[in-house]
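All residue numbers for the sequence shown refer to the numbering used here, where the first residue is 60 and numbers rise by one. What follows is a set of notes on a single structure, which appears directly below.
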Amino acid sequence: MSTPTKTNDELNPGSTAGETAALDSAETGNAYIDQFPAEAAVIRAAFYSSFIALAIGGIFGFIQTLHRTDIIQLFDSSTYYTILTAHGVFLVISFTIFFLVGVFTWAVTTSLEREVESIRFTWTWYGLMVLGTIFAAVPILAGFTDAIDMSADVLFTFYAPLQGHPLFYIGLTLFVIGTWLAGADWFRSWLAWKRENPDERIPLPTFMVLTTMIMWYIATLGVAVSILVFLLPWSLGLIETVNPTLTRTLFWFFGHPVVYFWLMPAYMMWYLLLPKFSGGRLFSDPLARVVFVLFLLLSTPVGIHHQYLDPGISEGFKFIAMTNTMFLLLPSLLTAFTVVASMEHGARQRGGTGYFSWLKALPWKDPVFTGMALAGLMFAAGGFSGMINAGMNINYLVHNSLWVPGHFHLTVGTAVALTFMAGAYWFIPQVTGKPLASKPIALVQVVLWFIGMTFMSNAMHRAGLLGIPRRTAEPWYDGFEFEAAIGTVGELNAQIALGGALLTLSLVLFLTNMLITAFNRPTGTVEANSIPTPLSGPSDAPKVLDNLKLWTAIGIVLVILAYTLPLASIVDRGGLFGPGGDAYPVTTVDFGTVQTLLETLLMVVA
Ligand code: HAS
Ligand code: CU
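Next comes the structure, spelled out in structure tokens:
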């Protein structure tokens, strides 16, 4: 079963020298910092910002694990939502997004082989993101003290009826505008490159960045409207009420695609770096393009799968969201195939043989490889719990239970976070020119994360099935016991706390390794910044895949189809600015009102 080692030309018959040059040229070059010193400085700043957020968010995670498993309660339970908000916002908004803007800047500059158009502009969007984070952090952290009359205990999902201090919403707005400008920066680079290379295919890393950003622009419209039209004016006292179902729906319009905003950079690393560290090459560039196009099209028209239990939305709309979600599994299943095939290719290049024995030939001592591979393995489990969430009827069993945090600690908490940490072991030397302080500690760190998360997320899923709720400081009740068919609630709590402790230890190792690396001396021994060419190159991909205008248009049409009627119906029942409609199950749509709305719209357009 072994594949003989072939030359590059044999392996890559579909691609021409021209189209692979962009990715190959760096192989003989230097580290990223030698190629792009100015950009490396911004990326460094973004990475360090993300690590600070990781440290703060991680501490709150540990405090909260100990609290709700009743092991040690460091804070009064009334502070639980401040801790939970800080944990969520610092980790899933700040840590993830600061890291990914760094990776995206690396991807665009490396693959287009050109500097950003204006480094001042690049610093500007980074500065806006920092300012936004500080603005949002102040009211969240002020929630810990009565001395400051501010709070934003609104959780990372921040929809009404929870209300935060205006500064929180202003901070979020600045942060999102920062990401929009970052996208503009990358589009500018690409347009400038395209003028000079009119006939070339978009290099794959840039293609991944651009499609992800188009998805992000569409998705953030929901949260922009929610904040600017409703939540901010409401918290400033300019309007008295809002329609909670409307702000929830607008949040989830953004709240589902945001998970792919976190995931796409991790996928990018699996597609570009995992094959390289496995010792091989990406199996298929065209398949990777198809995957990113599918995410652009399908990420947004599914948000209502977070609202299966919301009474104010008709069952039919929920059914449409479920159907779209099932289609959305496809790009991840394609990814599982392509990435594992690339790893197998790498293993066979390294002498691996057999149906499964090739796994032994993979570089398991390399923390970058092992971290990403373990993250992928965990994502397979997280993907399955996602499929269960996505089923409208079975969702009733798990919704609002600890199962859901179990799911997202495998997805964003491992597939994304562990991939980012493993990636940092390669990226930080690239953008600093300094070698990693300790590879063995890095290896222990990624394995510890995997073990800790196995304990914690497995027990969370099981606890959810017993009905133990999420977002509850003290999930125990007088005169009532949760009954476990296997094991006990005490055992589940012990596993959750043990998992949390291992994760905290892993985090300390990661941050210490990064800190020591930052103070290392540059040695000039950092490996070159290179991405191997794919086995099947871009010329094997139909040209239409690079037609970004077409995919954007179809993406927008799908969103309009999925959301116009639900939004019209919600506004019709609850009013644009509330007060909310009747909270009873809705099974029909009042088409008369929808018709009036559409007619008014047509008149305005005409
Ligand atoms: Fe989810 C709730 C459905 C993916 C995050 N999700 C959440 C929440 C978060 C979240 C944060 O339908 C909670 C929000 C809240 O606070 O209320 N989710 C899905 C589905 C997917 C999915 C269908 N979720 C994610 C990702 C996330 C994320 C990715 C973050 C990054 N999720 C839901 C639903 C809910 C939900 C409902 C609402 C629940 C409720 O009731 O509240 C899919 O995208 C998953 C597809 C994935 C796969 C796996 C493919 C496997 C791969 C691994 C390859 C292996 C490798 C390694 C590379 C089909 C790609 C090989 C290694 C070797 C050694 C060989
Ligand atoms: Cu979702």
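Every residue, glycine too, gets a C-beta built ideally from N, C-alpha and C. Quick caveat, the model's predicted, so the values are computed rather than measured.
Beta bridge counterpart(s) of residue i as assigned by DSSP
i    : result
P528 : S460
Y536 : F539
S497 : In the DSSP output, where bridge partners are listed per residue, S497 has none listed.
S109 : S109 is not bridged to any residue.
S343 : S595
From the options, residue whose alpha carbon lies closest to that of residue i
i    : options                : result
E176 : L143, D244, P198, W423 : D244
L477 : M512, I487, K498       : M512
W462 : G482, N517, L418, I500 : N517
W311 : S343, L280, G482       : L280
L171 : P593, E374, F438, W249 : W249
A496 : L389, I199, P426       : P426
L607 : I500, M272, F217, I372 : M272
L331 : S598, S589, V630, L617 : S589
L566 : G117, S109, M446       : G117
K498 : W485, F509, I510, W508 : W485
Y367 : L357, F354, M381, L356 : M381
V101 : R173, G161, T155, F110 : G161
W535 : A544, N552, H520       : N552
Y107 : S137, Q123, F154       : F154
L1   : G441, N383, E586       : The question about residue 1 has no answer, for the chain in this structure spans 60 to 665.
F351 : T611, T623, L635       : T611
L290 : Q654, G637, A665       : G637
S337 : I372, V318, R409, L355 : R409
A347 : P324, I363, I122       : P324
T394 : I363, G371, D344, H364 : D344
I236 : Y276, L263, D258       : Y276
S285 : M274, E299, L309       : L309
A145 : M437, F234, F217, G413 : F217
M209 : R632, A587, F415, A195 : A195
T124 : G538, T659, F514       : F514
F110 : F158, T204, R632       : F158
F128 : Y622, V585, I527, T592 : What sits at residue 128 in the sequence shown is Thr, not Phe. Considering only alpha carbons, the answer is I527.
P601 : V282, L190, S136, R260 : R260
W239 : F163, W252, P257       : F163
D369 : I629, L389, F313, H126 : I629
V213 : I207, I199, D205       : I199
F203 : S137, G147, V148       : S137
K493 : S416, T584, M328, L525 : T584
I372 : N448, V197, L341, R307 : R307
V151 : L113, Y326, R580, F509 : L113
L389 : F443, L433, F342       : F443
Integer Cβ distance of residue i from residue j, believed to fall under 8 Å
i    : j    : result
A241 : W184 : 5 Å
G596 : G120 : 42 Å between Cβ atoms; not a contact.
A278 : T181 : Going by Cβ atoms, the distance from A278 to T181 rounds to 23 Å, so no, they are not a contact pair.
A627 : L656 : 5 Å
T265 : V167 : 5 Å
M402 : L333 : 6 Å
G405 : G339 : 3 Å
H315 : V268 : That belief does not hold up - the Cβ atoms of H315 and V268 are roughly 20 Å apart, past 8 Å.
G430 : V505 : 4 Å
M188 : F246 : Actually they are not in contact, since the Cβ atoms of M188 and F246 sit about 17 Å apart, beyond 8 Å.
H468 : M519 : 7 Å
A474 : M451 : Incorrect: roughly 24 Å between the Cβ atoms, too far for contact.
G435 : H466 : Rounded, the Cβ-Cβ distance is 16 Å, inconsistent with contact.
T470 : V318 : 7 Å
I363 : P593 : Contact doesn't hold; Cβ gap of about 36 Å is too wide.
F386 : L357 : 6 Å
Proximity test, residue i beta-carbon vs the ligand COA heavy atom, cut-off 8 Å
i    : result
T138 : In the structure on display, the ligand COA does not appear, and the ligands it does have are the ligand HAS and the ligand CU.
Q: Check whether the stretch 522-534 touches the stretch 567-578, counting contact only when three or more Cβ pairs, one atom from each stretch, lie closer than 8 Å.
A: no
Q: Please confirm if the stretch 397-406 is in contact with the stretch 302-314, defined as three or more CB-CB distances below 8 Å between the two stretches.
A: no
Q. If you pair each beta-carbon of the stretch 547-557 with each one of the stretch 480-493, do three or more pairs fall below 8 Å?
A. no
Q) Are the stretch 136-143 and the stretch 88-104 touching by the rule of at least three beta carbon pairs closer than 8 Å? A) no
Q. Three or more beta-carbon pairs under 8 Å between the stretch 284-301 and the stretch 226-238, yes or no?
A. yes
Q) Between the stretch 408-423 and the stretch 468-483, do at least 3 Cβ pairs fall closer than 8 Å? A) no
Q) Listed in chain order, which residues are found with a beta carbon closer than 6 Å to a heavy atom of the ligand CU? A) H315, V318, H364, H365
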